[in-house]
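Take 754 as the starting number for the sequence shown in the numbering used here and just add one per residue.
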Amino acid sequence: MSDEMKNVAHEVPARLFISGKRKKPSVDMNKVVGSLDILFICLDTLRYDVAVKEEAEGGTPVLNQYGKWEKRQAPGNFTYPSHHSMFAGFLPCNFDAKSLADRELLFFPKAIGLGKNAPEGVYAFSGSTIMEGLEKDGYETWCVGGVSFFDKRSDLGSVFPSYFQKSFWNPSFGCPVKESTKNQVDFILKKIDSLEPEKKLFLYLNVDAIHYPNNFYLEGASFDSTESHGAALRYVDGALEQLFTHWKAIRGGAFVICCSDHGTCYGEDGCQFHGINHPAVNTVPYKHFFL
């Protein structure tokens, strides 16, 4: 090992990773990778409190089929920093984690100061993103964008799409379009229908319907609120039913990661929007499951 690599290996205190102290994932990712498609759905801006309210009241019957939302810490307080973390393998962290070793890692970036050996059941990848690592293991990687950080209409909006072998966005996927999620799902189903069955796919979907504006999902609403936020989630849940049903029929199942990247404020403590640190922004829902 080079001196540079030795220095990297010691950036994180070794005592955090004493054998037996690392948290094992609830699913063995080494059995997932290579055998199943991986579908990463980001419900952009979804608040944890709204998600669990809709869950409890039966507003999201499709997502409810796949387990309860977990309460987690957002990787960042707006889309750009959050996705840099998630695409590097650092998904939303267990809310009650007390140290780095308490994180449930599904993906383990090699040679970044976390030690030489990946925790049991974690997929260790080389490269700067999980997509790059999966590509080396034979996956095709796609991105279907939503918010402007994925629209490829600017230099900044081209950064994340460039991490994928194929990236897609059109104006019908944008935040101001009430049918955006349905349009994204219809597009995905047409695309995967032509994909070779033996080719494994990692698909990232950025669902932006819950982002601003969302008032048009709540009848009579003229401004965005937690109520219209919940109505947008109910709309998204309905659209995901078609995605999940057809994915199983066309591709035979997948491992799904579904979470928010950050929440947002609607006036709590005088706070608005996101890009700030507030419990409503920093607390997100998360779940993973098999189709």
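Glycine included, each C-beta is placed from N, C-alpha and C at the ideal position.
Just confirm the distance between the C-beta atoms of residue i and residue j, as a whole number of angstroms; I'd bet it's less than 8 Å.
i      : j      : result
Ser925 : Ser915 : No, Ser925 and Ser915 are not in contact; Cβ-Cβ is about 22 Å, not under 8 Å.
Asn968 : Phe976 : 6 Å
Lys776 : Ala877 : Not a contact, Cβ separation roughly 15 Å.
Val875 : Met782 : 6 Å
Phe940 : Val897 : 7 Å
Phe917 : Tyr957 : 7 Å
In its own chain, which residues sit with a C-beta less than 7 Å from the C-beta of residue i, not counting the 5 before and 5 after it?
i      : result
Lys919 : Trp895
Thr813 : Glu807, Leu986, Arg987, Asp990
Asn847 : Arg825, Asp855, Arg856, Glu857
Determine the direct distance from the alpha carbon of residue j to that of residue i, and round the result to whole angstroms.
i       : j       : result
Tyr833  : Ser978  : 23 Å
His1027 : Ala1033 : 9 Å
Val1069 : Val912  : Since the first and last residues shown for the chain are 754 and 1044, residue 1069 lies out of range.
Phe805  : Ile963  : Reading the sequence as shown, one finds Val at residue 805 and not Phe. Cα-Cα distance, rounded: 15 Å.
Val815  : Lys821  : 11 Å
Asn870  : Ser838  : 20 Å
Asn760  : Gly787  : Only weak support is given to the placement of Asn760: the predicted model assigns it a pLDDT of 47, under 50, and the value that follows is read from those uncertain coordinates. Rounded to the nearest angstrom, the two C-alpha atoms are 32 Å apart.
Lys1001 : Ser881  : 30 Å
Tyr970  : Ala850  : 35 Å
Asp961  : Phe902  : 11 Å
Ser852  : Gly973  : 46 Å
Hey, quick one: how far does the beta strand (DSSP E) through residue i stretch, first residue to last?
i       : result
Leu954  : 954-960
Val897  : 893-897
Val1009 : 1007-1012
In terms of residue numbering, what span does the alpha helix (DSSP H) encompassing residue i cover?
i       : result
Ile883  : 883-889
Pro1032 : 1032-1035
Phe840  : 832-840
Glu810  : 801-810
Pro814  : 814-817
Lys919  : Segment 919-921 is the beta strand (DSSP E) holding Lys919; no alpha helix (DSSP H) there.
Lys863  : Segment: none, Lys863 is in no alpha helix (DSSP H) and carries neither H nor E.
If you drop the 5 nearest sequence neighbours on each side, which residues of the same chain put their C-beta closer than 6 Å to that of residue i?
i       : result
Phe997  : Leu1044
His1031 : Cys1018, Cys1024
Suppose the cutoff is 8 Å on Cβ atoms and the five residues either side in sequence are ignored; what does the same chain contact list for residue i look like?
i       : result
Leu789  : Lys953, Gly1006, Ala1007, Phe1008, Phe1043
Ile1029 : Asn830, Cys1018
Ser907  : Ser901
Asp859  : With the sequence shown as reference, residue 859 is identified as Leu, and Asp is not the correct amino acid for it. Hits under 8 Å: Pro778, Val780, Met782, Gly842, Leu844, Val875, Tyr876, Ile1010, His1041.
Lys943  : none
What residue ranges within the stretch 927-996 form continuous alpha helix (DSSP H) runs of no fewer than 4 residues, ordered along the chain? Listed in chain order, the complete alpha helix (DSSP H) runs (minimum 4 residues) inside the stretch 927-996 are 933-946.
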